[in-house]
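Notes for the one structure printed next.
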Amino acid sequence: MATSPVAVAHAACALGVALLVGVMTWKLTLSTYRRDLVAICQGEAASGLSMRSDMARVTERIRGYLRTSEGNLFFSSLRDLPVDRRAERLGAQAEALAIRPCPLAASYAELAVEAEYRSDIQRVCSYVTFPGLAELDGPRRLATLEAWIDEVPANPRTREMGAWLRRTRTLSESGSVLRDAAIEAGVWTCDVAKVLASPRVVACTMPVP
Numbered sequence: 145m146a147t148s149p150v151a152v153a154h155a156a157c158a159l160g161v162a163l164l165v166g167v168m169t170w171k172l173t174l175s176t177y178r179r180d181l182v183a184i185c186q187g188e189a190a191s192g193l194s195m196r197s198d199m200a201r202v203t204e205r206i207r208g209y210l211r212t213s214e215g216n217l218f219f220s221s222l223r224d225l226p227v228d229r230r231a232e233r234l235g236a237q238a239e240a241l242a243i244r245p246c247p248l249a250a251s252y253a254e255l256a257v258e259a260e261y262r263s264d265i266q267r268v269c270s271y272v273t274f275p276g277l278a279e280l281d282g283p284r285r286l287a288t289l290e291a292w293i294d295e296v297p298a299n300p301r302t303r304e305m306g307a308w309l310r311r312t313r314t315l316s317e318s319g320s321v322l323r324d325a326a327i328e329a330g331v332w333t334c335d336v337a338k339v340l341a342s343p344r345v346v347a348c349t350m351p352v353p
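For the sequence shown, my numbering begins at 145 and goes up steadily by one.
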């Protein structure tokens, strides 16, 4: 059965309208999603709080700013990632939507550096990292710490702390530098700082028959 020209015209018109509505809907959704991304990027400042001390509250405030399911889904996906990956993912999405700058991505990056530094300080303060340290004389104790700092951590703040250790003139000063670094990083116990300034322990060994 032949299709009349009028029917073809009506069909083409309907298809055009459908395509136009689809494009407009897509653009509207994208625009609204972009506004959500802006809200996420600016959320810390808008909340008046700090990610460093009030991450849970900042997160809750940001959720209140979001208007699309896509925005909520993306923000939820950030919470499943380590902090350093959150910075990368949010930064990349903001860049893709031409949102510059994105302060929350920068805050995530700063938190990642701080967490890495805290982990370094926890290890450098632990007996487990330096078994037998108390049995070494003073210069070798400090040399052992400096070698570990040079070889293991990549965090620039940890290396800066190592440079401060090298400037100390006594083991007591070295212990104070390490203890102060631990307190600043939120590590409240630093056993190695105590060992640095303590007398050398002579290991007792059983004679070999």
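Positions of the beta carbon are idealized from the N, C-alpha and C atoms, including for glycine.
Query - Supposed contact pair Ile184 and Leu248 - C-beta distance, whole angstroms, cut 8 angstroms - result: 6 angstroms
Requested in this report: Classify Thr212 as helix, strand or coil using the three-state DSSP reduction.
Outcome: coil
Query raised in the report: Excluding five sequence neighbours on each side, which residues of the same chain lie with their C-beta closer than 7 angstroms to the C-beta of Leu172?
Result: Its pLDDT being 40, under 50, Leu172 is placed unreliably in this model, and the value from its coordinates should be taken loosely. Here the set comprises nothing.
Query raised in the report: Are Val268 and Trp292 closer than 8 angstroms when you measure CB to CB?
Result: yes
Report task. Could you tell me which uninterrupted alpha helix (DSSP H) segments, each at least 4 residues in length, are contained entirely in the stretch 303-333, listed from first to last along the chain? Result -> 315-328
Report task. Using a Cβ cut-off of 8 angstroms (strictly closer), state whether Val339 contacts chain C. Result -> Of the chains in the structure shown, none is chain C; there is only one protein chain.
Query raised in the report: Given a threshold of 16 other Cβ atoms within 10 Å of its Cβ, counted over all protein chains shown, does Ser316 qualify as buried or as exposed?
Result: exposed
**Report entry** Beta carbon of Ser209 nearer than 8 angstroms to that of Gly187
**Finding:** What sits at residue 209 in the sequence shown is Tyr, not Ser. Yes, they are a contact pair.
Query raised in the report: What residue from Met195, Val321 and Arg311 has the CA that sits closest to Val227's CA?
Result: Met195
Requested in this report: Could you tell me how far apart the beta carbons of Tyr261 and Asn299 are, in whole angstroms, since I believe they sit closer than 8 angstroms?
Outcome: 5 angstroms
**Report entry** Limits of the unbroken alpha helix (DSSP H) element including Val296
**Finding:** First-last for Val296: undefined, no H or E at that position.
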